[in-house]
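In the numbering used here, the protein residues as written are 1 to 215.
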């Protein structure tokens, strides 16, 4: 699961920074997904250590009377632009001193290598699968790591157009295992009606507002 909307009025790429919690709308998204999953056979709930992921996972764990676990491997991807703004036409990409980080979109040169994200996310999924063997687990993470591990499982190239990620706020990307092997991938958006139109997957950026692709 991707976390809900974050309170980020300045449009900062918050990455792994502390202090970015869910907005009131984000909390509504978390509650909506918890309600959606209430009758599922969930025996393990685990989240990235970042506040927004922990706050998103908490209602799900509570509804199943489970302790919330934390897994560092679910954390957001590292990014050299962390702490900078990425507005339309006025963000960090307009500054020449940042262009040196944009030389290799295939690795990528501006952050944690895609293959490293695959390794840690697959490891986190395997651990959650083992913790809930025979049942279901919920892992709350972040858009890029979720999309990268899904792309790997579905045998797509890892480099991509971020505007085309299918991983909206509070969405569920589901991996079904048969034994220790992933046999299918699913996607759903239980809180879609709560997501502002400009934040839906594939939406065009709007000046002064957050983007559909991000943390």
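Backbone N, C-alpha and C fix where the C-beta goes; we use that ideal spot for every residue, glycine too.
*Would you say the region 41–53 touches the region 130–140, given that touching needs at least three Cβ pairs under 8 Å?*
Contact between the region 41–53 and the region 130–140 is present, because at least three Cβ pairs lie under 8 Å.
*On the three-pair Cβ rule with 8 Å, is the region 25–38 touching the region 186–203?*
Touching, yes.
_Residue ranges of each beta strand (DSSP E) within the region 104–145, 3 or longer_ = You should have 136–140.
*Specify the secondary structure class of residue 74 as computed by DSSP and reduced to three states.*
If DSSP states are grouped into helix, strand and coil, residue 74 belongs with the helices.
*Measure the alpha-carbon distance for residue 119 versus residue 146 and round it to whole angstroms.*
Those two C-alpha atoms are separated by around 12 Å.
*asked:* Just to confirm the assignment: which complete beta strand (DSSP E) runs, minimum length 3, are found wholly within the region 35–83?
replied: Counting only runs of 3 or more residues that sit fully inside the region 35–83, the beta strand (DSSP E) segments are 42–47 and 68–70, in chain order.
*Going by C-alpha distance, which of 55, 168, 70 and 155 is nearest residue 216?*
Since the first and last residues shown for the chain are 1 and 215, residue 216 lies out of range.
*Hey, how far is the Cα of residue 23 from the Cα of residue 151?*
Each residue's Cα considered, the two are about 29 Å apart.
*Measure the Cβ-Cβ separation of residue 73 and residue 124 and say whether it is below 7 Å.*
Contact flag set, yes.
_Euclidean distance between Cα positions of residue 10 and residue 155_ = Straight-line Cα distance between these residues: approximately 36 Å.
_residue 151, DSSP secondary structure in three states_ = In the structure shown, residue 151 sits in a helix (DSSP, three-state: H, G or I).
*Among 113, 115, 53 and 153, which residue has its Cα nearest to the Cα of residue 2?*
If we check each option's Cα against that of residue 2, 53 comes out closest.
*From what residue to what residue does the beta strand (DSSP E) around residue 194 run?*
Residue 194 -> no beta strand (DSSP E), and no H or E assigned at all.
*Pull up the distance between the alpha-carbon of residue 183 and that of residue 177, whole angstroms please.*
Whole-angstrom Cα-Cα distance: 6 Å.
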